[in-house]
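Reviewing the structure listed below.
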Amino acid sequence: MNRWQASLTNELQILLYRRKIMLLFLLISLLPVVFTLISNAIGSIIDLHTITLSFVMPFLLPCYIFMIATELFVSEIETGTIKLALTRPIARWKIYTSKIIVASIVIFALLLTIWFMSFLMNLFGYNTWSAKGLIEELVIYVVTFFPMFVLFMLSVWIGQMVHSITGSMVISLLLYALFKVVPIFIPLLGNFLFTNYMDWYTLWVNNPLPWSQLFSIASMFLASGAIFGVVGLFLFEQKEIN
Numbered sequence: 001m002n003r004w005q006a007s008l009t010n011e012l013q014i015l016l017y018r019r020k021i022m023l024l025f026l027l028i029s030l031l032p033v034v035f036t037l038i039s040n041a042i043g044s045i046i047d048l049h050t051i052t053l054s055f056v057m058p059f060l061l062p063c064y065i066f067m068i069a070t071e072l073f074v075s076e077i078e079t080g081t082i083k084l085a086l087t088r089p090i091a092r093w094k095i096y097t098s099k100i101i102v103a104s105i106v107i108f109a110l111l112l113t114i115w116f117m118s119f120l121m122n123l124f125g126y127n128t129w130s131a132k133g134l135i136e137e138l139v140i141y142v143v144t145f146f147p148m149f150v151l152f153m154l155s156v157w158i159g160q161m162v163h164s165i166t167g168s169m170v171i172s173l174l175l176y177a178l179f180k181v182v183p184i185f186i187p188l189l190g191n192f193l194f195t196n197y198m199d200w201y202t203l204w205v206n207n208p209l210p211w212s213q214l215f216s217i218a219s220m221f222l223a224s225g226a227i228f229g230v231v232g233l234f235l236f237e238q239k240e241i242n
């Protein structure tokens, strides 16, 4: 357990010391402030949570997630430091899961930060908030985590086969774009792609879908994440040390 905790701390430090990771975290977190200033300038009131998520979900957030995946799983291969990580007296599956846990914490922290910043802007910028609305908005960001996590696991899987940060980022982005475009031409296939439900948070507000349908989508996320995770772990376990 102590070695696993040490591995978690080490992986967290890797992300915290990456300036581009932390800078993008800060920039995305400040988007509610930017949107509030713009809305005040044009004299209109906007739904900060909806506007912010609809802005970051298509491209910004996926890019950030792919950056985290490449930093944790690919950068060590490209720099040659993977040998040090894999020769430590700790099981490879623990190293693998510690990277995933740390990434999940950072992604979830970013979503919570966006939610909190939006709340502050609603409170001080528009002077409007309610306890019920606050909880509903929190639910939106919590459920948004699930497709983001699956997207991260997809990039982790790609990172086990591509030993270049740039290559891993490009392939992750291209595959993500492909998954988003395919349903346009083959609608039936979209029902089986988790990327078709990246904005499923919209299904939880106003007139939410029946629980059975929400559970079906959640099961798709779980199955997709499990497949990417298990295959990624298998490749990570088979990785040779040169």
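Oh and the sequence shown: position 230 is 230 in UniProt numbering, straight run, nothing missing. We treat Cβ as the ideally placed atom computed from N, Cα and C, and that holds for glycine. For clarity, every value in this text was computed on a predicted model and none was experimentally measured.
- Runs of the alpha helix (DSSP H) spanning 4 or more residues and lying entirely within the stretch 5-69 occur at 19-29, 31-42 and 48-55, in chain order.
- In this structure, Ser224 lies near Val150, with their beta-carbon atoms less than 8 Å apart.
- DSSP, reduced to helix, strand and coil, places Glu71 within a helical segment of the structure shown.
- Judged by their CB atoms, Leu72 and Glu11 are nearer to each other than the 8 Å cut-off.
- Of the candidates Phe192, Leu235, Gly229 and Ile227, Phe192 places its Cα closest to the Cα of Ser216.
- Taken in chain order, the complete alpha helix (DSSP H) segments of 4 or more residues contained in the stretch 154-239 are 165-185, 187-190 and 211-237.
- In the three-state DSSP reduction, Thr79 falls in the helix class (H, G or I).
- Per DSSP, the unbroken alpha helix (DSSP H) holding Leu112 starts and ends at Arg92 to Leu120.
- Ser168 and Phe152 have their C-alpha atoms spaced approximately 12 Å apart.
- Proximity of the stretch 97-115 to the stretch 184-204 falls short of the contact definition, fewer than three beta-carbon pairs being nearer than 8 Å.
- A direct Cα-to-Cα measurement between Ser7 and Arg92 gives close to 11 Å.
- Within the same chain, and ignoring the five residues on either side of Leu31 in sequence, the residues whose Cβ sits closer than 6 Å to its Cβ are Thr52.
- Burial is judged here by how many other beta carbons sit within 10 angstroms of a residue's own beta carbon; Ala69 has at least 16 and is buried.
- Val139 sits close to Trp204, with the two beta carbons spaced by under 8 Å.
- Residue nearest to Leu214 within the set Ser54, Tyr197, Leu16 and Phe228 is Tyr197 (criterion: CA-CA distance).
- In the three-state DSSP reduction, Arg88 falls in the coil class, being neither helix nor strand.
- Counting the other Cβ atoms within 10 Å of the Cβ of Ser212 gives fewer than 16, which makes it exposed.
- By the beta-carbon neighbour count (other beta carbons within 10 angstroms, threshold 16), Tyr17 is exposed.
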